[in-house]
Amino acid sequence: MHACLRITEILDLIIGFMVDHIHEPDKICSIRHQDVARLARTCKAFKDPALDVLWRTQSSLSPLILCLPDHLWTTKGDWVVSLREEPSHEDWLSLQRYSHRIRAFNYCLRRPRPVCTITLDAVFSPNLSQKLFPSLRTLDLEVIGYGSMFPFPPVLSFISLPQLVRLTFAISHTGFFKHPSIHFKLACAPSLQALTINVRCHRFDPVVVNFGDFPRLRSLHLSHLPFHGWWELIHLQYLCDLTVTLPDGFNIDVHSSMQPILPSLQRLSVSVCTFNQVTSLLLSITSSDLSSVTVSCRSYPTQSDIHVLFRAIERVNERSPNFGMLEAQCSFPIKSLLIPPANLGDPSYDLPRSTLALLLACHHLRVLKLDVLGELGIDDAFIARITLAWPDIEVLHLFGSSQCIPRVSLGGIHQLLQRCQRLRLLSIQIDARTVPEGEPKMRSLSLEKLDICGSRMTETWAVERYLRILAPRLEWLKL
Numbered sequence: 001m002h003a004c005l006r007i008t009e010i011l012d013l014i015i016g017f018m019v020d021h022i023h024e025p026d027k028i029c030s031i032r033h034q035d036v037a038r039l040a041r042t043c044k045a046f047k048d049p050a051l052d053v054l055w056r057t058q059s060s061l062s063p064l065i066l067c068l069p070d071h072l073w074t075t076k077g078d079w080v081v082s083l084r085e086e087p088s089h090e091d092w093l094s095l096q097r098y099s100h101r102i103r104a105f106n107y108c109l110r111r112p113r114p115v116c117t118i119t120l121d122a123v124f125s126p127n128l129s130q131k132l133f134p135s136l137r138t139l140d141l142e143v144i145g146y147g148s149m150f151p152f153p154p155v156l157s158f159i160s161l162p163q164l165v166r167l168t169f170a171i172s173h174t175g176f177f178k179h180p181s182i183h184f185k186l187a188c189a190p191s192l193q194a195l196t197i198n199v200r201c202h203r204f205d206p207v208v209v210n211f212g213d214f215p216r217l218r219s220l221h222l223s224h225l226p227f228h229g230w231w232e233l234i235h236l237q238y239l240c241d242l243t244v245t246l247p248d249g250f251n252i253d254v255h256s257s258m259q260p261i262l263p264s265l266q267r268l269s270v271s272v273c274t275f276n277q278v279t280s281l282l283l284s285i286t287s288s289d290l291s292s293v294t295v296s297c298r299s300y301p302t303q304s305d306i307h308v309l310f311r312a313i314e315r316v317n318e319r320s321p322n323f324g325m326l327e328a329q330c331s332f333p334i335k336s337l338l339i340p341p342a343n344l345g346d347p348s349y350d351l352p353r354s355t356l357a358l359l360l361a362c363h364h365l366r367v368l369k370l371d372v373l374g375e376l377g378i379d380d381a382f383i384a385r386i387t388l389a390w391p392d393i394e395v396l397h398l399f400g401s402s403q404c405i406p407r408v409s410l411g412g413i414h415q416l417l418q419r420c421q422r423l424r425l426l427s428i429q430i431d432a433r434t435v436p437e438g439e440p441k442m443r444s445l446s447l448e449k450l451d452i453c454g455s456r457m458t459e460t461w462a463v464e465r466y467l468r469i470l471a472p473r474l475e476w477l478k479l
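Okay, so the sequence shown: first residue is 1 according to the UniProt record's numbering, each after it adds one.
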């Protein structure tokens, strides 16, 4: 029989119609369990493929524990599944029929009962974990029960999963003062390629990670980075995706090195105290494949800060021809949203056209999101330059202070949509006090979301009517 007609592949495709296959670890997978079960009962040949689908992704260990003999487990008042007595080695191995099909412990729509921590530790003991989960590739310890109640998931001290590819866990403040410094080494997961550590305490550098233990690491999400972990991190040769929060006062310049720094990096998302921190980092990265930079700043950037950052982006664009995404926004404290800063209106926080023009050299730009505290110096003439420089732009978010008078008119928006025919999302402040007479001569069939909040207008209904004619497929409009 031809390879393309193998029965196992055909069955997998049939069952696949009932499953929403989503491979991104942060997305939810939906399975119509009843339909799969009915299909499995229809024909014995469907049994194994159906079991593969049903067990592939789990969000708890309880479905597995409930497959043990009834006298070995019980449910407490809060529906937590726990063991009455320690199962024998043979009892544990009887679960292999199902456990070897599990490829991920991750979020999914079906949320069964949780299990107690003693049961978690027993299942992931060194003698069992490798035998029970030979196919496990993704493990989110927060999902299966090691959440905020633990300063550090104890299972990481003895876990043995050499085939594990993606790992997520959290470190919380609970019991923090008993563990001022936690050393994380996971030599028993040598194949690890994606690591996410959600650190919920930021004092005394609570986590120490030796990134040299993970030479194959390709994705790293770290919500808090200690100073002493940076040196190993920047020399990871295969790291493609980095999301990290840099500590206050951190400066890449003190870590000068002759070795290549992040030579394979493609996506960078960083939270910093000042733009100067990320500027130093961008100038140090040697990768020629950097395509996306996202910056969240914990302070108000000045005009000079943004100018230096855009100069660094210019260098990145020269080195990385596929650079296509820049987000530079501020994560203001809650108080700042209620009480305007004293320097609001200070011209040093304005963004002139000459600074924004530095980005016009990035001809492959598809996404640009930029917030500034002061006045955003763009007008219809600059919009015309944008249409020539970024013809393939898909997302454009340009917002300045609501106290400044915008200079972009509805005519400028018409010109932007006419020439940038892939634009899906647009956020910009405009001067819509004058609405063009008649209907617009062209229609944008790509624009789906439009935010002009903070714009100047006299007749809101006329502006809305004009925009909805201009973009007939508009799904969301904020005035």
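Glycine included, C-beta positions come from ideal geometry on N, C-alpha and C. Here the structure is a predicted model, which means the values were calculated and not measured.
- With contact defined as three or more Cβ pairs closer than 8 Å, the region 74-87 and the region 59-66 are in contact.
- DSSP places ILE452 in no beta strand (DSSP E); its state is neither H nor E.
- Remark: C-beta atoms of ASP289 and SER320 approach each other more closely than 8 Å.
- Counting only the Cα atoms, THR243 lies some 14 Å from CYS297.
- Straight through space, the alpha carbons of PHE169 and VAL209 are spaced by roughly 13 Å.
- Per DSSP, PHE382 has no beta bridge partner at all.
- Note that the C-beta distance between SER223 and ASN198 is below 8 Å.
- The three-state secondary structure of ALA104, taken from DSSP, is strand.
- By the neighbour-count criterion, in which 16 or more other beta carbons inside 10 Å mark a residue as buried, TRP230 falls on the buried side.
- Between ARG468 and ALA432, the gap from beta carbon to beta carbon reaches 8 Å or more.
- The Cβ-Cβ distance between ALA381 and GLN415 does not fall below 8 Å.
- For ASP70 and LEU141, the gap between their C-alpha atoms comes out near 26 Å.
- Within the region 224-299, the complete beta strand (DSSP E) segments of 3 residues or longer fall at 241-245, 267-272, 292-297, listed in chain order.
- The Cβ atoms of TYR349 and GLN421 lie no closer than 8 Å to each other.
- DSSP places ASP48 in the uninterrupted alpha helix (DSSP H) bounded by 47-55.
- Secondary structure of ALA432 (DSSP, three-state): strand.
- Secondary structure of ILE306 (DSSP, three-state): helix.
- For ASP91, the enclosing alpha helix (DSSP H) stretches over residues 89-93.
- Taking C-beta atoms as the reference points, VAL143 and TYR107 count as a pair closer than 8 Å.
- DSSP places VAL155 in the helix class (H, G or I) of the three-state scheme.
- Contact check for VAL463 against VAL435 passes: the beta carbons are separated by less than 8 Å.
- SER59 is the residue among SER59, SER219, ILE452, GLU232 whose C-alpha sits nearest the C-alpha of PRO112.
- Taking C-alpha positions only, GLU318 is separated from LEU360 by approximately 12 Å.
- In this chain, the beta strand (DSSP E) harbouring ASN198 covers 194-199.
- For ILE413, the CB contacts under 7 Å within the same chain, skipping 5 residues up- and downstream, are ILE430 in chain order.
- For ALA328, there is no enclosing alpha helix (DSSP H); the enclosing beta strand (DSSP E) covers residues 325-330.
- Closest in alpha carbon position to ASP213, among SER191, LEU225, LEU398, HIS221, is SER191.
- Rounded to whole angstroms, the separation of the alpha carbons of GLY400 and SER299 is 15 Å.
- In the DSSP assignment, no residue is bridged to ARG137.
- Under the three-state reduction of DSSP output, VAL115 falls in the strand class.
- The shortest CA-to-CA distance from ASP451 to any of CYS330, TRP476, SER444, THR74 is the one to TRP476.
- With fewer than 16 other Cβ atoms from the protein chains shown falling within 10 Å of its own Cβ, PRO347 counts as exposed.
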